[in-house]
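First up is the structure itself, then whatever we jot down about it.
Numbering (full-length UniProt numbering), first residue to last: 1 to 1190.
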């Protein structure tokens, strides 16, 4: 916490450092609370402890009283530093100066180190100079603690100059010392030197008796310094000249008292050790809350800061790069930390809370916010005024449940094509049970339920998966959860898959995904069904009059979910209840099954290999298909487009309607109606979908609510003339239907805006947020109470004027302290000040007072203000609850605008040169002329070479693609798949013309990688993925197989590749693109007389010596490429020339041997034909194929 430094403490601490070095006090045993290596700021922290304030106050007063003289002017008064620097003789003076400088050098070095490490801000220093009066005043954010000082002896003489001395509200310290302390100086050490120069002038005035008294006190302090109980002992000796301050403590002072360690005692060492383990009230509160939430990092509100304690402080310091004050890390009073008397701590400012919470949850932590439930005013008026402030855990946050971010309200511009993919924010709950089999034949039954708290979307599915867990991986890559909730024990393979994906960059924040686990009982199914039923039964009672029939239909839908999904639903309801987000399950309309067959299936391998959401190089959105199509202007539109990209349509009519809408927007781009849509979308600066759900949860702020209502009003007003789809003015029915949804909310939005004071809502002024006619009775009552108190305060001015015998008295405000009565020190009114008036502050010219009547009225006013704040918050939550009843129409309006945003985005893509509207066929077919790769074309600086593709269920169903390495084979097959996906999204495609059939899935087997987590080699992974494709592919699927069989010997690889290709074409009859370097596979095409399998290759030209220079043409041609030209790639990769020379020689030798062997085989075969004449036709075909390869 920010600590205020008492007056003169800089000089005192530096002098202590000098004395400590001079007298060897470092070798003495110091109290545990003072073990700070004698750095000034650390010592200041000790002095703030309640047990030391009176001691230091006594020391200040004793020393100053002995050093003051009635004949000295104020500017000549000695300071603490000058007192400690004086000696009784000139010879001793030089010796002491040398010793003092030695200690002073050490103090100077420590001060510089501390200042470089801590660098306190002006706010932390606590006080500043008043520009007008040079008066020392406390900061405006704190209330002043008044004090009354009674003195005797020398103090009474010093009080004679009270008119010139400002009264300190914080400490019983002479004001002259405070003034000297807080004037700007270059450094504490330079201030000592400056004051040292005045010592010689004062020595002639001081008497011998005063010097002896100073020296005695000096020696006494040195003897006690570093010993147990030194400061309390000094306080006891000076008690005769000390008077305790009176008056109440302000809020932050009271809070500081909560976490101060117990004062050191003069008891035996064992007793002191036992006392050091005593917990403060604040620490007890923290431990009690921590025991209930052991897995959360607690952020505790303490006064004007939020603080971390123990191990939480260490983690926060690491993640947030803030300072951690050392101390105990454990909360269980472990013996290893018995020597520490307080917890480690770190702190953050109140206004930066959500910035730091956001950083912690992004790092995968669970964060709990503990707030004070009492205010200073209400606590002072209550019965527990002496107890610590009541605190309670008010919020819990994780990645998936953190929805309190309102940064997007601050001028969020449109999200363009260069933006990253939006964070999905899904929490995914999963349960698994053994179905049948074991080993490679293992089958598991899996249920999942994913919730997006920020938008209310819920996805569920129940399915069976094999030992490779490809179905689970597909769903996880589609949903991209930021948090897992695993129910019960899951299999080893599933657990490894979750661990692998949770640590990869597929998650939305680009770092580790949080994984939580809950137990699962044997009767989980029955318990879950009962829990879900009772949950929705209670909800229906609360909303029985609102859309009752519709709610019952949706409830039946939820209760009829599969058993394993119901288990997940029950667990998720309990999980989100901890975060006060269980209301999301009221929105049962947004329950959607994942495996609906109305969409094309893109499994996990396809999403990765075709770079649907992320590129494979940098794992970012740029270069992905989503990046290519994303021209949206709003966040909620961007999220909807992401769904469209991952779930292409299978319904031909729906697809035709979507493409027709895109076409109309593209062709009518210059018309006023399309321009109106563009303008409207560009004006939407906030994420309405998330904001609306924050209203539903009751977490919305007042400025945020105003922004949402004004934005909805803008949207509805733009099309207020539309009463039916026919009024929208477009030909496309889907556009007209979406526009019709927009003005439907206008009346409700206007009625809510009429209740709000717009200026106050924008300024987040809770007290005048509502129009006067809309304020509740409780708000009105408290405002009247405040008005009455303020009237009484004004009336008291007349009373004060009578007391002071003045015509008029005005209140002044100084340093944030209101209702001060200011009196000139030289006036006659000073003699008429009643004894009950408290002097708060003053200058040389004036003094400022608080009469007790004013103090009481201010306390009453503060109580009314606190009650008013509570009433305003209650009324605001009531307004949010009222708006929540309109959630459905508001959500439909936002969803309609998101749909229009997606149409406009696809229209912008369609307007690019070289894009064409595809035509759709009922059968499985891909007929593309002049097709291009959509992402490579945008990233490539040169012109992309187009290629044709012709695949159909009745003609050529498969292409065997060969060609040199780096010849463009993989880019070509990806291009075909991406054009098919884009067409079924409803987008134009990069081609001269395209006819596309309705494909139910795209499967890919590309790349080479192992799976060490599952103990699988590269070849095993390759064959396992191929096995899944053979099981799942249908005649309406597109299958891409890239270099199957390369992970083993040539003979085995060729055999496997040929068998798979033959099975795909002959039995499954899928549309297939098969890339290979095995030229022998080209013979398989001869076995399909109707041309179902066709050989194509990537064209190239040879040049240079022995044809070693290859030029890639990137064009698809008929036939087979009989060489792969791998050595050319080796040359491009800068393999040493000596190695290449050997490789060329070996390659030529091997090629010659193979040709010779083939010729010998041909000769033997020809000889058998001529001798026997049997099977001559088959042998001749084989001989001809071998001749072609030669």
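The C-beta atom is built at its ideal place from N, Cα and C for all residues, glycine as well.
Predicted model, so just to flag it, every value in this text is computed and none were measured.
Problem set entry | Per-residue DSSP class, three states only, for residue 1056 | If DSSP states are grouped into helix, strand and coil, residue 1056 belongs with the helices.
Exercise. What residue range is occupied by the uninterrupted alpha helix (DSSP H) comprising residue 1098?
Worked result: Element bounds for residue 1098: not the alpha helix (DSSP H) but the beta strand (DSSP E), 1093-1103.
For this session: Would you list the one or two residues that DSSP bridges to residue 1191?
Result: Residue 1191 is absent from the structure shown; the chain starts at 1 and stops at 1190.
Exercise. Got a sec? Which residues, its chain only, sit under 6 Å from residue 965 by beta carbon, not counting five neighbours each side?
Worked result: Excluding sequence positions up to five before and after residue 965, its CB lies within less than 6 Å of the CB of 1124, 1126, 1129, all in the same chain and listed in chain order.
Exercise. Is it true that the CB of residue 817 sits closer than 8 Å to the CB of residue 800?
Worked result: For residue 800 and residue 817, no; Cβs fall outside 8 Å.
Exercise. With DSSP run on the structure shown, which of helix, strand or coil describes residue 538?
Worked result: Three-state result, residue 538: helix.
For this session: With DSSP collapsed to three states, give me the class of residue 975.
Result: Three-state DSSP puts residue 975 in a helix.
For this session: Count the other CB atoms, across all protein chains shown, that sit within 10 Å of the CB of residue 316; report buried if there are 16 or more and exposed otherwise.
Result: Burial check for residue 316: the Cβ neighbour count within 10 Å reaches 16 or more, so the residue is buried.
For this session: For residue 1111, write down the residues that DSSP places opposite it in a beta bridge.
Result: Partner(s): 1101.
Problem set entry | Among 794, 1147, 659, nearest to residue 986 - alpha-carbon criterion | Per the C-alpha coordinates, the member of 794, 1147, 659 positioned closest to residue 986 is 659.
Exercise. For residue 608, does the three-state DSSP call read helix, strand or coil?
Worked result: It is helical.
For this session: Sort out for me which residues DSSP pairs residue 599 with in a bridge.
Result: The secondary-structure analysis by DSSP pairs residue 599 across a beta bridge with 649.
Problem set entry | Beta-carbon proximity check, residue 1193 vs residue 909, cutoff 8 Å | Past the boundaries of the shown model lies residue 1193; the chain is included only from 1 to 1190, so the question cannot be answered.
Exercise. What are the start and end residues of the beta strand (DSSP E) that includes residue 679?
Worked result: Note, residue 679: premise wrong, no beta strand (DSSP E); alpha helix (DSSP H) at 672-683.
For this session: Could you name the residues that DSSP lists as bridge partners for residue 825?
Result: Note: residue 825 sits in no beta bridge, so no partner.
Problem set entry | Neighbourhood of residue 563 by C-beta distance below 6 Å, restricted to the same chain and skipping five residues each side | Here the set comprises 525.
For this session: For residue 131, count neighbouring C-beta atoms within 10 Å of its own C-beta (all shown protein chains included) and say buried if the count is 16 or more, exposed if not.
Result: Reliability of the predicted coordinates at residue 131 is poor, the pLDDT of 38 falling under 50, and no value is obtained from them.
Exercise. Residue range of the alpha helix (DSSP H) that residue 716 falls in?
Worked result: Run containing residue 716: 702-718, per the alpha helix (DSSP H) assignment.
For this session: Enumerate in chain order the residues of its own chain whose CB-to-CB distance from residue 1006 is below 6 Å, with the five nearest sequence positions on each side excluded.
Result: Residues 609, 1042 of the same chain have their beta carbon placed closer than 6 Å to that of residue 1006, with the five preceding and five following residues left out of the count.
Problem set entry | Per-residue DSSP class, three states only, for residue 852 | Note: residue 852 maps to helix in three-state DSSP.
Problem set entry | Nearest to residue 1030 (by Cα), restricted to the options 1055, 995, 1066, 1048 | When only C-alpha atoms are compared, the closest one is 1066.
For this session: Would you check if the segment 590-604 and the segment 471-480 touch, i.e. whether three or more CB-CB distances between them fall below 8 Å?
Result: The segment 471-480 and the segment 590-604 touch, with no fewer than 3 CB-CB distances between them shorter than 8 Å.
Exercise. Can you give the Cα-Cα distance for residue 776 and residue 876, rounded to whole angstroms?
Worked result: Annotation: residue 776 to residue 876 spans about 10 Å, alpha carbon to alpha carbon.
Problem set entry | Cβ pair residue 971, residue 1001 closer than 8 Å | The Cβ-Cβ distance between residue 971 and residue 1001 does not fall below 8 Å.
For this session: List the endpoints of the continuous alpha helix (DSSP H) containing residue 475.
Result: Segment 470-479, the alpha helix (DSSP H) holding residue 475.
For this session: Tell me whether residue 823 is buried or exposed, calling it buried when 16 or more other Cβ atoms sit within 10 Å of its Cβ.
Result: Burial check for residue 823: the Cβ neighbour count within 10 Å reaches 16 or more, so the residue is buried.
For this session: Enumerate in chain order the residues of its own chain whose CB-to-CB distance from residue 520 is below 8 Å, with the five nearest sequence positions on each side excluded.
Result: Cβ neighbours of residue 520 beyond the five flanking positions: 431, 487, 488, 489, 567.
For this session: Assign residue 1159 to one of three DSSP states: helix, strand, or coil.
Result: Note: residue 1159 maps to helix in three-state DSSP.
For this session: Compare the Cα-Cα distances from residue 1120 to each of 709, 714, 1077, 613 and report the closest residue.
Result: Ranking 709, 714, 1077, 613 by Cα distance to residue 1120 puts 1077 first.
For this session: Can you grab the Cα-Cα spacing for the pair residue 829 / residue 369, in whole Å?
Result: Annotation: residue 829 to residue 369 spans about 52 Å, alpha carbon to alpha carbon.
Exercise. Roughly how many whole angstroms lie between the Cα atoms of residue 826 and residue 848?
Worked result: If you draw a straight line from the Cα of residue 826 to the Cα of residue 848, it is about 13 Å long.
Problem set entry | Sequence-distant residues of the same chain with beta carbon closer than 7 Å to residue 924, five excluded per side | Here the set comprises 953, 997, 999, 1035, 1036, 1071.
Exercise. Taking the continuous alpha helix (DSSP H) assigned at residue 782, which residues delimit it?
Worked result: Under the DSSP assignment, residue 782 falls in the alpha helix (DSSP H) whose first and last residues are 777-804.
For this session: Could you tell me how far apart the beta carbons of residue 920 and residue 652 are, in whole angstroms, since I believe they sit closer than 8 Å?
Result: Approximately 6 Å separates the beta-carbon atoms of residue 920 and residue 652; this is inside 8 Å, confirming the contact.
Exercise. Looking only at C-alpha atoms, which of 858, 362, 803, 809 sits nearest to residue 835?
Worked result: Per the Cα distances, 803.
Exercise. Hey, is the segment 721-728 in contact with the segment 690-704, meaning 3+ C-beta pairs nearer than 8 Å?
Worked result: Counting Cβ pairs under 8 Å, fewer than three are found: no touch.
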